[in-house]
Amino acid sequence: MATYGSNELKNGLKVMVDDAPCTILDCEFVKPGKGQAFTRIKIRNLKTGRVVERTLKSNETISSADVADMEMQYLYNDGEHWHFMVPDNFEQYALTKEVLADAAQWLKEQDICIVTLWNNEPIQVVPPNFVILEITETDPGLKGDTSGGGGKPATLETGAVVRVPLFVQTGELIKVDTRKGEYVSRAKE
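Okay, so the sequence shown: first residue is 1 according to my numbering, each after it adds one.
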């Protein structure tokens with residue numbers, strides 16, 4: 001397993017901390033006026049989702065996590081598990097709600113996602129950056145009703161709720177940014 005010095009760390013790197021795979025969210029090199037330089041990192045535990053801060057002295061090393069990011073296709077939800085398949089070899093994985101976390105609200109059948117495997121077990125799912133979903137329920141937009149900022153909540157086919165402009169109606173397809181959970185634009189078939 002590879003090891004990284006504190007000067008080799010960068011955002012997005014997957015490392016092992018306290019025998020758990022983590023990803024680095026933020027990395028900052030600090031050189032105080034007095035004393036030894038150090039690196040402050042903010043990491044997310046890939047198994048639990050908890051975010052913690054750690055400091056590493058300039059001579060410390062940290063080992064890389066033996067994780068693999070694989071493209072998988074979302075197949076279906078049987079009520080308890082979400083089923084994914086590797087398109088190359090048709091190998092299937094059943095994931096729980098805990099592993100999916102917030103990604104579940106953006107998944108539509110046949111979507112391609114990035115699934116992180118650790119010891120051949122799925123621990124994290126990243127949905128596509130943009131998804132096209134149908135609006136199942138929203139209030140009708142009334143002309144001149146812009147005192148509240150010009151938006152209204154809309155429920156999507158997956159159950160997610162996003163704020164949309166007043167002109168968008170029930171039954172329309174919209175493009176949503178899954179990283180922020182925001183409306184991007186109308187979409188065509």
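Backbone N, C-alpha and C fix where the C-beta goes; we use that ideal spot for every residue, glycine too.
query                                                                                                              : result
For Glu71, the first and last residue of its enclosing beta strand (DSSP E)                                        : Val67 to Asn77
Classification of Tyr93 by the beta-carbon crowding that lies within 10 angstroms, buried from 16 upward           : buried
Leu25, buried or exposed, once every other Cβ within 10 Å from all chains shown has been counted against 16        : exposed
Test item: CB-CB of Leu117 and Trp82 under 8 Å                                                                     : no
Per-residue DSSP class, three states only, for Asp177                                                              : strand
Contiguous alpha helix (DSSP H) assignments of at least 4 residues, all confined to the stretch 94-118             : 97-100
Own chain residues within Cβ distance below 6 Å of Ser6, not counting five before or after                         : Thr39, Leu56, Ser58 and Glu60
Helix, strand or coil at Cys58 according to DSSP, with G and I counted as helix                                    : Checking the sequence shown, residue 58 turns out to be Ser, not Cys. Of the three classes helix, strand and coil, the one that applies to Ser58 here is coil, per DSSP.
Backbone CA spacing between Glu71 and Glu53 [nearest angstrom]                                                     : 29 Å
Contact check, Ile112 vs Glu172, beta carbons under 8 Å                                                            : no
7 Å CB neighbourhood of Ala104 in its chain, flanking five on each side removed                                    : Trp82 and Lys97
Nonlocal neighbours in the same chain, by C-beta distance under 8 Å from Ile62, ignoring five residues either side : Thr3, Tyr4, Ser6, Leu9, Val15, Met16, Val17 and Leu56
Glu172 (DSSP reduced to helix, strand or coil)                                                                     : coil
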